[in-house]
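Per the numbering used here, residue 3 is the first one in the sequence shown, and the count goes up by one each step.
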Amino acid sequence: MKRGFGPLKFRTKFFLSSFFATVVLPLFGVWFLYNQDIESTKELIYSNLKNQTNNLSESIYPAIAFDDNQTAFDQIKGFSSDPIILRVKVWKKNPVNRNTFDLFVSFPNEDSSTAILKKPVPDDFLGEQSIKIYRLIKSDKEELGVVLVTRSLRDLKNKQAGYLQVGILSTLSIFAIITLITLWYQASLTRPMKELTKVASTISHVKDYSARAQKTSRDEFGKLTDIFNEMLDSIEESNLLLRSANEEMEQRVERRTKELTLSNQRITEEMKAKEIANENLIKTQIQLS
């Protein structure tokens, strides 16, 4: 079964591992710290708003007790002087129906849809855009009314936007710097390896032992290149000696072959001369007889 992707090259593995270690992991850490800071800031805002609302519920009690709308309105208006306070509402317990509260004062505007507040009093609300805090206005154990403070989280959103802007710019800058450093460092590692691989491939396929690797640095890879070239020098010298020995052996074999050929020719000629002499001797004996 064929795989979709071949083995990753060293350059690719080195770049991915460097990118993960220097960019991805720090980003996760920064994102975690960012969320922690935002959540802690939101909790701090919520805690401060609860204290302010508690103080308001205590300070507005006399105006509720004496049914003084103007004083209550002035108090919540002064409390709402901060632009992040969106709305303050105060309800007073209905003297007839003890389970409902009638709207007493509101700033900036009265919302007729919430003119009546029924028990139970809603819980505090922590949203993405605002916080709402309800507090009972009490005299000892008697409930006189309810105050609602709605605070905008616009300042927190602006802080988030500032963090994100700085984070994006910082991330892009760090990514560019780390990429350049990684590519430079990667090249310093892979260039000598590619050079050694190229020369080794040339020797393996072409059998050219005169090829040498080019030295690209003076570090450990430079020393490795020197050792590699010295090894090639030794191999080439051995190859030349072996080739010279082979040529000398071939010459010896050739000379010996020529000598044997000449000897065979002389022997053949001598044997022919003997045959002729024998034939002549036989002829002579025949004639004498």
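Think of the CB as a built atom: it goes at the ideal place given N, C-alpha and C, for glycine as much as any other residue.
The structure displayed is predicted, hence computed values, not measured ones.
Segment limits, alpha helix (DSSP H) that includes residue i
i: Phe-30; result: 27-61
i: Lys-276; result: 222-290
i: Phe-75; result: 71-81
Which residues DSSP lists as bridging residue i, in chain order
i: Lys-140; result: Glu-145
i: Thr-102; result: Lys-120
i: Arg-89; result: Thr-152
i: Leu-128; result: Ile-133
i: Val-107; result: Val-92
Proximal residues to residue i (C-beta, below 8 Å), its chain only, five neighbours per side dropped
i: Ser-172; result: none
i: Gln-54; result: Phe-81 and Val-151
i: Asp-56; result: Per the sequence shown, residue 56 should be read as Asn rather than Asp. Excluding residues within five positions, the ones whose Cβ falls inside 8 Å are Arg-137.
i: Ala-117; result: Asp-104 and Leu-105
i: Lys-44; result: Leu-128, Leu-155 and Leu-158
i: Glu-272; result: none
i: Leu-264; result: none
Sequence-distant residues of the same chain with beta carbon closer than 7 Å to residue i, five excluded per side
i: Ile-205; result: Tyr-211 and Ala-213
i: Phe-81; result: Leu-58, Ile-87 and Val-90
i: Ile-284; result: none
i: Thr-73; result: Ala-65
i: Tyr-165; result: Tyr-36
i: Arg-193; result: Thr-218
The ligand NAP heavy atom lying under 6 Å from the CB of residue i
i: Glu-197; result: The ligand NAP is absent from the structure shown, which contains no ligands of any kind.
Neighbour-count burial assignment, residue i, 16 or more Cβ in a 10 Å radius
i: Ile-135; result: buried
i: Trp-33; result: exposed
i: Ala-215; result: buried
i: Pro-124; result: exposed
i: Gly-147; result: buried
i: Thr-184; result: buried
i: Arg-254; result: exposed
i: Leu-182; result: exposed
i: Pro-28; result: exposed
i: Leu-234; result: buried
i: Arg-220; result: exposed
i: Arg-245; result: exposed
i: Val-98; result: exposed
i: Val-168; result: exposed
i: Val-201; result: buried
i: Arg-153; result: buried
Integer Cβ distance of residue i from residue j, believed to fall under 8 Å
i: Ile-66; j: Ile-139; result: 6 Å
i: Trp-93; j: Leu-119; result: 5 Å
i: Gln-162; j: Ile-40; result: 6 Å
i: Val-25; j: Ile-176; result: 7 Å
i: Phe-106; j: Lys-79; result: Actually they do not touch by this definition, with Cβ atoms about 14 Å apart.
i: Leu-191; j: Thr-227; result: Between Thr-227 and Leu-191 the Cβ distance is about 13 Å, and since that is not below 8 Å, they are no contact.
i: Gln-38; j: Ile-62; result: Contact doesn't hold; Cβ gap of about 36 Å is too wide.
i: Lys-121; j: Asn-101; result: 5 Å
Close beta carbons around residue i, own chain, < 6 Å, minus the five adjacent residues each side
i: Phe-127; result: Lys-134
i: Gly-224; result: Lys-217
i: Ile-288; result: none
i: Arg-268; result: none
i: Lys-209; result: none
i: Ala-178; result: none
7 Å Cβ cutoff, residue i in contact with chain B
i: Met-251; result: The structure shown contains no chain B; it is built from a single protein chain.
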